[in-house]
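Asker:
Chains as they are written, first to last, in our numbering: chain A, 1 to 437; chain B, 1001 to 1308.
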């Protein structure tokens, strides 16, 4: 008698109808978007504030480089002593005063540059000023050495090395960044999914134990069926939640950015910074085009198929372990000792993914970890955008499926015995004995 | 084919611990079979083997002449001692779910549930959550779910725990009625008075071994001591007692009576019948109480367990 659909349906409906599940589903994206909006709004507020900075250039060398912009207003002071200038700036509540003192030579002047302000100035502002001054003084020094600046500028060469594999596949730095984002996103999604919904499965197994319904159910259903039904039902609920999050998040994002006029896309996520750096080296007009083409260049079909295979395989592998833990213990506090061995490979996978795959997607470490079943889903998903030979992908998936079947068998054994055990906090030794019952 | 369930030398070990050691039982069709034994004797393990929750290491179980198979799940209704329901699920939904797991169609399950809910007057609980009900109320629902699919074999493990006397009686009557309608019942309990009331067969398990089984009546006959409780009206108690002591084994008895009689337990001599005793007594005094001492299930239980 196959009760699997019935069990899946019950698990799914109970999860989805659960009040805290509903609240979390609706509230999470709202909270996330609200947080992003607040941060974005505040940082915009900060940036858009007009700053006035007074410049007292006693050397007379660099006055010309300070041109007021939208956000920063430069006021050039002339013929005042530094003390008067300070007083003046403070009275007018200006942001700060840049003082360039007189000097015999350029080197002397360089030593005598100071910035006065009421509060500690922001790092970006200081960096901006520094780079402005550096550029100007470099030019001045070059001139002093008798170098023709115009000639120097015109003879600067810009290089962007075109990359091509031996098979003729073209790639570029921007491609790599796009690949990284795709791989990282896939790996991270899987990681989050396993942690959130693995825990949910574990709790639902524990609930069945504590409410003592388990023996009633087990007298009509095989434990393996119950376990699989639980895993699948909970996963479907999880997918539902994820989809709602994405849709709701997207809608809210649009609404919020429409209302507050904040361009969320301009938020400086670390990846975007990377992307910008990559893009800056290319011609500006090519930016968008190359971005789109690099997305098209990704092995998309391969990526989607493998994403599904590794996602499902990896998720089922871990969730059956979570189910076994749930069956082995009586309450959630007892789960700690068993959680660590599960979380370790998962965290390791993410670290390997972030640190090794980025550096060298086909190096020994990345390759090895993309075959080990507990880490392969995350690591392989991160590697695939960089082009992994099909045989490697197939072997890795096969290993994963083999391990998954073994784990389900193993988990089912623990589950079968564990769900009927009460009042004992089992040790690893005891779990081993259960395998033989 | 008079036995619905036959277990043939079933053994089960958990590691070094032996939970069942060559236990065989035969449960006749249409009987109420008491499975008795002290805590930890192995009753629950045996029940779990019958329910195919635990697989035996050796031995076999036959249901209705066939070795146990997974489809037999539908022929068995099991109310475990450790029982509960999903706390946050509604009563009706939950009962439907459990009934469907036993192979009933949704519409059939609904129809039968309505019948039972009306019968036990719990119809208005349908949309309540289990956590809103008392323990006794939840037990009633569990009982309904156990019998709903009209199994041939019903297994109740401590069915009356958590019930008040009124509801316990109600459930007892339902069990008897189910038996009369043709179901066979295995009944595991520590409460000897309900064994006395309900069971016609018993098996006693102690420390993983079956130490006694058979018809309750036969077992009682086996355990009877041929002792009679006697109430005598007399002026001279000491004299009369001594007179009887000359011929029989006598001890003091204690039973409720309207009169201030001389109360004695008298054991029959080997070749005597109860009539011989009665004749002897009537010749000496007026007899207003004469009753054979039948060993209670409780006595048998304690005695057997102690002796083994």
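Glycine is no exception: its CB is placed at the ideal position from the N, C-alpha and C atoms.
Bear in mind that the values here come from a model prediction, so they are computed numbers and not experimental data.
1. Hey, does residue 212 (chain A) have any beta-carbon neighbour from chain B nearer than 8 angstroms?
2. Ignore the nearest five residues each way along the sequence and tell me which others in residue 1098 (chain B)'s own chain have a CB closer than 6 angstroms to its CB.
3. Classify residue 120 (chain A) as helix, strand or coil using the three-state DSSP reduction.
4. Determine, using beta-carbon pairs with one atom in the stretch 1068–1077 of chain B and one in the stretch 1105–1113 of chain B, whether at least three such pairs fall under 8 angstroms.
5. Would you please verify whether the beta carbon of residue 1051 (chain B) is less than 8 angstroms from any beta carbon of chain A?
6. From the beta carbon of residue 1073 (chain B), is the nearest beta carbon of chain A less than 8 angstroms away?
7. Flag residue 220 (chain A) as yes if its beta-carbon sits less than 8 angstroms from any beta-carbon of chain B, otherwise no.
8. Excluding sequence positions up to five away, which residues of its chain have a Cβ less than 8 angstroms from the Cβ of residue 268 (chain A)?
9. Starting from residue 1018 (chain B) and walking both ways along the beta strand (DSSP E), at which residues does that stretch end?
10. Could you give the distance in angstroms between the alpha-carbon of residue 1176 (chain B) and the alpha-carbon of residue 198 (chain A)?
11. Rounded to the nearest angstrom, what separates residue 318 (chain A) and residue 342 (chain A) at their Cα positions?
12. Check each candidate in A:104, A:106, A:126 and name the one with the smallest Cα separation from residue 114 (chain A).
13. DSSP three-state label for residue 392 (chain A), please.
14. Under a Cβ-count criterion, where at least 16 other Cβ atoms within 10 Å of its own Cβ denotes burial, should residue 432 (chain A) be classed as buried or exposed?
15. Once the 5 residues before and after residue 150 (chain A) are set aside, which same chain residues still bring their CB inside 7 angstroms of it?
16. Residue 14 (chain A) and residue 1137 (chain B) look like a contact to me (Cβ under 8 angstroms); what is the Cβ gap, rounded to whole Å?
17. Can you tell me whether residue 382 (chain A) is buried or exposed? The criterion is at least 16 other CB atoms within 10 Å of its CB, across all chains shown.
18. Unbroken alpha helix (DSSP H) runs of length 4 or more, entirely within the stretch 56–110 of chain A: which are they?
19. How many angstroms separate the CA atom of residue 281 (chain A) from the CA atom of residue 163 (chain A)?
20. Less than 7 angstroms between C-beta atoms, sequence neighbours within five positions excluded: which residues of the same chain meet that for residue 140 (chain A)?
21. With 16 other CB atoms within 10 Å as the buried threshold, where does residue 1313 (chain B) fall?
22. What residue does the alpha helix (DSSP H) around residue 1311 (chain B) start on, and which one ends it?
23. State the start and end residues of the unbroken beta strand (DSSP E) segment that holds residue 1157 (chain B).
24. Would a check of beta-carbon distances place residue 217 (chain A) closer than 8 angstroms to chain B?
25. Name the one or two DSSP bridge partners that residue 1210 (chain B) has.
26. Starting from residue 1188 (chain B), trace the alpha helix (DSSP H) both ways and give me its first and last residue.
27. DSSP state of residue 112 (chain A), grouped into three classes?
28. Using beta carbons (cut-off 8 angstroms, strictly below), is residue 14 (chain A) in contact with chain D?
29. Report the start-end ranges of each alpha helix (DSSP H) in the stretch 1086–1147 of chain B that is 4 residues or longer and not cut off at the edges.
30. Under DSSP, the alpha helix (DSSP H) around residue 217 (chain A) begins and ends at which residues?
31. Cutting at 8 angstroms between CB atoms, please list the residues of its own chain near residue 405 (chain A), excluding the five before and the five after it.
32. Just mark residue 166 (chain A) as buried or exposed, buried being the case when its beta carbon has 16 or more other beta carbons within 10 Å.
33. Please check the pair residue 1232 (chain B) and residue 1293 (chain B), which I expect to be a contact at CB under 8 angstroms, by giving their CB distance rounded to whole angstroms.
34. Could you please give me the residues that DSSP links to residue 1076 (chain B) through a beta bridge?
35. Closer than 8 angstroms, Cβ to any Cβ of chain A: which residues of the stretch 1085–1107 of chain B, in chain order?
36. How would you write the range of the beta strand (DSSP E) that residue 1063 (chain B) sits in, first residue to last?
Answerer: In this structure, then:
1. Closer than 8 angstroms to some Cβ of chain B, the Cβ of residue 212 (chain A) qualifies, so yes.
2. Taken in chain order, the residues that qualify are 1145.
3. Coil, per DSSP.
4. Touching, no, given that fewer than three Cβ pairs across the two stretches are closer than 8 angstroms.
5. Chain A, which has a Cβ nearer than 8 angstroms to the Cβ of residue 1051 (chain B), makes this yes.
6. Closer than 8 angstroms: yes.
7. The C-beta of residue 220 (chain A) comes closer than 8 angstroms to at least one C-beta of chain B.
8. Here the model assigns residue 268 (chain A) a pLDDT of 45, short of 50, so the residue's position is not dependable and the matter cannot be decided.
9. Residues 1017–1028.
10. One C-alpha to the other measures close to 46 angstroms.
11. Rounded to the nearest whole angstrom, the CA to CA distance from residue 318 (chain A) to residue 342 (chain A) is 8 angstroms.
12. Comparing Cα positions, the closest option is A:126.
13. Secondary structure at residue 392 (chain A): helix, using DSSP grouped into helix, strand and coil.
14. The C-beta of residue 432 (chain A) has fewer than 16 other C-beta atoms within 10 Å across all chains shown, which makes the residue exposed.
15. Around residue 150 (chain A), the same chain offers no residue with a beta carbon nearer than 7 angstroms, after the five sequence neighbours per side are excluded.
16. Between residue 1137 (chain B) and residue 14 (chain A) the Cβ distance is about 21 angstroms, and since that is not below 8 angstroms, they are no contact.
17. The residue is buried, with at least 16 neighbouring Cβ atoms inside 10 Å.
18. Segments of the alpha helix (DSSP H) lying fully in the stretch 56–110 of chain A: 82–91.
19. The predicted position of residue 281 (chain A) is uncertain, since its pLDDT is 49 and thus under 50; a value taken from the coordinates is nonetheless stated next. Pairing residue 281 (chain A) with residue 163 (chain A), the inter-Cα distance amounts to about 14 angstroms.
20. Cβ within range, chain order: 61, 106.
21. Past the boundaries of the shown model lies residue 1313 (chain B); chain B is included only from 1001 to 1308, so the question cannot be answered.
22. Lying outside 1001 to 1308, the shown extent of chain B, residue 1311 (chain B) is not represented and no answer is given.
23. Element bounds for residue 1157 (chain B): 1153–1157.
24. Contact with chain B is found for residue 217 (chain A), since one of that chain's Cβ atoms lies less than 8 angstroms from the residue's Cβ.
25. B:1205, per the DSSP bridge assignment.
26. No alpha helix (DSSP H) contains residue 1188 (chain B), which is instead part of the beta strand (DSSP E) from 1184–1188.
27. Coil at residue 112 (chain A), not helix or strand.
28. Considering every chain present, this structure includes no chain D. Its protein chains are A and B.
29. Counting whole runs of 4 or more residues, the stretch 1086–1147 of chain B contains the alpha helix (DSSP H) stretches 1091–1101, 1106–1119, 1135–1147.
30. First-last of the alpha helix (DSSP H) with residue 217 (chain A): 214–218.
31. Answer for residue 405 (chain A): no residue qualifies.
32. Burial check for residue 166 (chain A): the Cβ neighbour count within 10 Å stays below 16, so the residue is exposed.
33. Contact between residue 1232 (chain B) and residue 1293 (chain B) does not hold, since the beta-carbon distance rounds to 16 angstroms and is not under 8 angstroms.
34. Within the DSSP secondary-structure output, residue 1076 (chain B) pairs in a beta bridge with B:1153.
35. The stretch 1085–1107 of chain B vs chain A, Cβ under 8 angstroms: 1085, 1086, 1087, 1088, 1089, 1097, 1098, 1100, 1101, 1102, 1103.
36. From DSSP, the beta strand (DSSP E) with residue 1063 (chain B) extends over 1058–1063.
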